[in-house]
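Engineer: This is the structure I want to talk about, given as structure tokens.
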Amino acid sequence: MTMFRFSLLGPVRAWQGGTEADLGGPQQQVVLAALLLREGTPATVDELIRAVWGEDPPPTAVGTIRTYVSRLRRVLGGAASPIRSLAGGYVLRLPAEAADWTVFRRRVAAAHIARRDGDPRAAYTALVEALDLWQGCPLAGLPGEHVTAHRARLSEARLFALADRISLDLEFGRHAAQTVELALLVAEHPLHERFRELSMLALYGSGRQAEALAGFRDIQRRLRAELGLTPGPGLRALHHRILTADPALLPATPAAPEPVPPVRKPHRAAATDLRFTLLGPLGAVRDGVPLPVGTPQQRALLAALLLRPGAVVAVEELVAVVWGTRAPAGAGAVVRTYVSRLRKTLGAATVTGTSGGYTAAIAPDRIDLGVHRDLVTRAASLRRAGRPAAALPLYGTAGALWRGSEPLGGVPGEFAVAQRGMLRELRFATELDALAAALDAPGHDPAPALARLRSLVARHPMLERPRELLMLALTRSGQPAAALAAFDDGRNLLADRLGVDPGPGLLRIRHTIAAVNRMSTGDRRPAGVLNA
């Protein structure tokens with residue numbers, strides 16, 4: 002008999018083979034979740050009663066729990082059900098690989114062991130596999146204080162694993178690639194010190210020392226104002242190391258080149274070509290014809306689904322997206338109305354529902370953001386493989402997807418503000434990567450990149466990465482003296498406004514340019530390699 006598989010890292014669900022079981026209403030699902038979360042440890046009837054009703058159960062609670070368990074046994078295999086009766090309670094015993102929460106914890110434990118044994122690549126793979134198990138808000142749609150407590154515990158475990166994975170990304174030298182994800186995480190968790198540390202380190206390693214230091218000042222202010230606390234020792238130590246330009250903050254060698262991902266086959270729509278835009282005004286287009294996507298609040302709901310295609314977004318999350326902390330009475334019913342309207346406009350199969358939330362059943366290559374991410378990932382892999390010229394057309398195609406300066410145009414609310422900041426960060430980081438590729442490409446005219454970098458440095462004089470690229474562009478244009486003058490300008494700005502020295506990226510490029518300059522005047526000491 003085929004084993005049942007269970008999911009807690011999203012809505013509570015169960016499958017046997019390819020068939021999903023009907024687990025009944027929310028309270029019955031709470032009983033199943035309570036048994037699954039005990040991972041083979043028996044639960045008494047009293048414990049299950051508290052899980053469902055808290056401290057105020059109805060007089061019929063014992064009989065209702067027995068009814069719920071009986072129904073669950075019936076849908077989970079009848080006599081072969083993994084739910085067994087014990088004296089005073091029940092137990093659900095499963096193989097370790099049958100429940101996603103158990104698999105998640107085992108993968109995270111394997112990552113810790115691999116890290117301890119000096120194998121960061123294996124640790125990274127295990128963490129990616131663990132995080133891929135998540136399908137949205139854990140225990141989505143289930144009520145009660147018991148569920149709320151477990152939901153917080155599971156969510157916290159995910160955040161720890163996510164921080165560990167990002168930490169490894171930074172160890173591999175992928176600082177610029179992580180600034181976008183970390184900007185969103187810091188916006189969602191502004192008092193989370195580990196995410197702030199990682200964000201500061203990613204910014205510093207991307208030549209954005211001023212922003213890294215501003216991040217410390219921001220959390221210092223927030224902690225004092227909201228909690229009456231000061232930053233913890235980890236944040237304080239990192240702040241000091243950035244101020245003193247500790248060379249150990251950055252990896253000694255860049256990450257090893259990765260294989261270039263294969264070209265994704267385009268998604269085939271069944272009957273029509275339905276596409277969505279996030280990198281400009283939010284919109285939907287079918288066969289070239291724009292579709293109405295409703296009121297601003299309905300657009301906010303659609304944006305939340307499109308930003309996580311394929312994942313279950315809990316109704317509670319959608320309520321928070323649309324109304325923030327000021328949700329009206331009956332907000333869940335309004336969410337269902339918005340989803341119903343979107344289904345009528347976009348097609349019933351476009352937005353699917355479960356007992357806990359909704360999913361945008363849309364391939365990423367139907368959404369401009371998904372296309373952008375795929376192009377940028379391939380371009381970055383080509384650059385790491387030493388093929389910057391091959392990356393340039395991909396960066397050009399990705400840049401053309403942006404329409405105007407306002408992503409998520411027409412979407413209101415705090416959620417949109419945070420996501421908009423993340424998307425702007427993505428755009429800025431991608432443009433810098435494209436400029437770096439243009440400067441590294443053999444035979445490529447540096448003049449267009451030089452003009453753009455002059456503009457970026459004038460607009461962001463405290464950011465070091467644009468200044469690094471400007472120095473490189475000036476040198477490639479035969480102006481090493483101007484490049485060294487740009488370094489001096491940046492050094493003076495950093496000293497006057499922040500009281501810090503230039504970061505390692507600026508210092509490295511300045512040293513190499515000076516060495517190249519010496520060679521051009523007859524000094525034949527090695528000049529080093531000048532790449533972006």
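Read in order, the letters of the sequence shown are residues 2 to 533 in the working numbering. The C-beta atom is built at its ideal place from N, Cα and C for all residues, glycine as well.
1) Where do the N-terminal and C-terminal ends of the beta strand (DSSP E) with A22 fall, by residue?
2) For the alpha helix (DSSP H) that contains L454, what are its first and last residues?
3) Closest by CA to L169, which one among L433, L454, H113 and L499?
4) In this structure, how does DSSP classify T278 when only helix, strand and coil are distinguished?
5) For S200, does the count of other Cβ atoms within 10 angstroms reach 16, so buried, or fall short, so exposed?
6) Name the one or two DSSP bridge partners that G284 has.
7) So the candidates are L192, A203 and R175; which of them puts its Cα closest to the Cα of L183?
8) List in chain order: all unbroken alpha helix (DSSP H) runs of 4+ residues lying wholly within the region 461-513.
9) Rounded to whole angstroms, what's the CA-CA distance from A315 to Y339? Just pull it up for me.
10) Determine contact between the region 423-443 and the region 388-397, defined as no fewer than three beta-carbon pairs at a distance below 8 Å.
11) Tell me whether R154 is buried or exposed, calling it buried when 16 or more other Cβ atoms sit within 10 Å of its Cβ.
12) Between which two residues does the beta strand (DSSP E) holding I84 run?
13) Since P443 and A390 are thought to touch, with beta carbons under 8 Å apart, how far apart are those beta carbons, to the nearest angstrom?
14) Kindly indicate which residue of D369, A177 and R222 has the alpha-carbon position closest to the one of E432.
15) Do three or more CB pairs link the region 470-489 to the region 448-456 at distances below 8 Å?
16) Can the beta-carbon of E469 be found closer than 8 Å to that of I514?
17) With distances taken Cα to Cα, identify the nearest neighbour of T346 among L228, L319, A380 and V290.
18) Throw me the rounded Cβ distance for the L302 and L319 pair, which I believe falls under 8 Å.
19) Could you have a look at P121 and say whether DSSP puts it in helix, strand or coil?
20) I'd like the list of long-range same chain contacts for G331, defined as Cβ closer than 6 Å, with 5 residues on each side in sequence excluded.
21) Give the list of continuous alpha helix (DSSP H) stretches no shorter than 4 residues that lie fully inside the region 92-150.
22) Based on the DSSP secondary-structure assignment, which residues constitute the bridge partners of T360?
23) Among residues of its own chain, excluding the 5 on either side of R466, which ones have a beta-carbon nearer than 8 Å to its beta-carbon?
24) Kindly give me the distance between the Cβ atoms of V372 and A362, rounded to whole angstroms, as I take these residues to be in contact under 8 Å.
25) P413 by DSSP, collapsed to three states: which one?
26) Closest by CA to L508, which one among D375, E415 and D247?
27) Tell me whether S156 sits in a helix, a strand or coil according to DSSP, three-state version.
28) Grab the span of the alpha helix (DSSP H) containing F196 for me, first residue to last.
29) Taking the alpha-carbon positions, what's the H241 to R197 distance?
30) Can the beta-carbon of V109 be found less than 8 Å from the beta-carbon of A131?
31) Going by C-alpha to C-alpha distance, which of V31, F105 and T65 sits closest to A150?
32) Please go through the same chain and pick out, in chain order, the residues whose beta-carbon is closer than 6 Å to the beta-carbon of G41, but skip the five residues on each side of it.
Structural biologist: On the basis of the coordinates in this document:
1) Mapped onto the sequence shown, residue 22 falls at position 21. It is not in any beta strand (DSSP E) - A22 carries neither H nor E in the DSSP assignment.
2) For the purposes of this step, residue 454 is identified with residue 453 of the sequence shown, where counting begins at 1. In the DSSP annotation of this structure, the continuous segment of the alpha helix (DSSP H) that includes L454 starts and ends at A448 to R460.
3) Position 168 of the sequence shown, counting from 1, holds the residue named residue 169. That would be H113, whose Cα lies nearest to the Cα of L169.
4) Here residue 278 refers to the residue found at position 277 when the sequence shown is read from its first residue. Note: T278 maps to strand in three-state DSSP.
5) To locate residue 200, count along the sequence shown from 1; it is residue 199. Answer is buried; the Cβ neighbour count reaches 16.
6) In the sequence shown, residue 284 corresponds to position 283, counting from 1. Its beta-bridge partners are T278.
7) Counted from its first residue, the sequence shown places residue 183 at position 182. The shortest CA-to-CA distance from L183 to any of L192, A203 and R175 is the one to A203.
8) List check, alpha helix (DSSP H) in window: 465-477 and 481-498.
9) Indexing the sequence shown from 1 puts residue 315 at position 314. Indexing the sequence shown from 1 puts residue 339 at position 338. Each residue's CA atom was taken as its position, placing A315 and Y339 some 14 Å apart.
10) Result yes; three or more Cβ-Cβ pairs closer than 8 Å.
11) By one-based count along the sequence shown, residue 154 stands at place 153. By the neighbour-count rule (16 or more Cβ atoms within 10 Å), R154 is not buried but exposed.
12) Translated into the one-based positions of the sequence shown, residue 84 becomes position 83. Note, I84: beta strand (DSSP E), I84 to L87.
13) The count along the sequence shown starts at 1 and reaches residue 443 at position 442. The count along the sequence shown starts at 1 and reaches residue 390 at position 389. Taking a contact as a CB-CB distance under 8 Å, the pair P443 and A390 counts as one, their CB atoms being some 7 Å apart.
14) Sequence index remark: in the sequence shown, residue 432 carries index 431 (1-based). That would be A177, whose Cα lies nearest to the Cα of E432.
15) The region 448-456 and the region 470-489 touch, with three or more beta-carbon pairs separated by less than 8 Å.
16) Sequence index remark: in the sequence shown, residue 469 carries index 468 (1-based). Sequence index remark: in the sequence shown, residue 514 carries index 513 (1-based). No.
17) As a first step, residue 346 is located in the sequence shown; it is residue number 345 there, counting from the start. Among L228, L319, A380 and V290, the Cα nearest to that of T346 belongs to V290.
18) Working through the sequence shown from its first residue, we reach residue 302 at position 301. Working through the sequence shown from its first residue, we reach residue 319 at position 318. About 6 Å; that satisfies the 8 Å criterion.
19) By 1-based counting over the sequence shown, the position of residue 121 is 120. Residue state, collapsed to three classes: helix.
20) Reading the sequence shown from its first residue, position 330 is the one you call residue 331. Cβ contact annotation for G331 (same chain, cutoff 6 Å, sequence separation greater than five): none.
21) You should have 101-117 and 121-132.
22) As a first step, residue 360 must be located in the sequence shown, where it is residue number 359. Answer is V313 and T353, bridged to T360.
23) Position 465 of the sequence shown, counting from 1, holds the residue named residue 466. Result list for R466: A177, S207, G208, R209, L433 and G506, in chain order.
24) For this step, residue 372 is matched to residue 371 along the sequence shown. For this step, residue 362 is matched to residue 361 along the sequence shown. The Cβ separation is near 18 Å, so there is no contact.
25) Here residue 413 corresponds to residue number 412 of the sequence shown, with the count starting at 1. Coil, per DSSP.
26) Taking the first residue of the sequence shown as position 1, residue 508 is located at position 507. For the residues D375, E415 and D247, the minimum Cα distance to L508 belongs to D247.
27) Taking the first residue of the sequence shown as 1, we reach residue 156 at position 155. If DSSP states are grouped into helix, strand and coil, S156 belongs with the helices.
28) Indexing the sequence shown from 1 puts residue 196 at position 195. Its alpha helix (DSSP H) spans residues E194 to G206.
29) Stepping through the sequence shown from its first residue, residue 241 is reached at position 240. Stepping through the sequence shown from its first residue, residue 197 is reached at position 196. Between the alpha carbons of H241 and R197 lies a distance of about 15 Å.
30) Looking up residue 109 in the sequence shown gives position 108. Looking up residue 131 in the sequence shown gives position 130. Contact annotation: V109 and A131 have beta-carbon atoms nearer than 8 Å.
31) The residue given as residue 150 occupies position 149 in the sequence shown. Among V31, F105 and T65, the Cα nearest to that of A150 is on V31.
32) For the purposes of this step, residue 41 is identified with residue 40 of the sequence shown, where counting begins at 1. R94, listed in sequence order.
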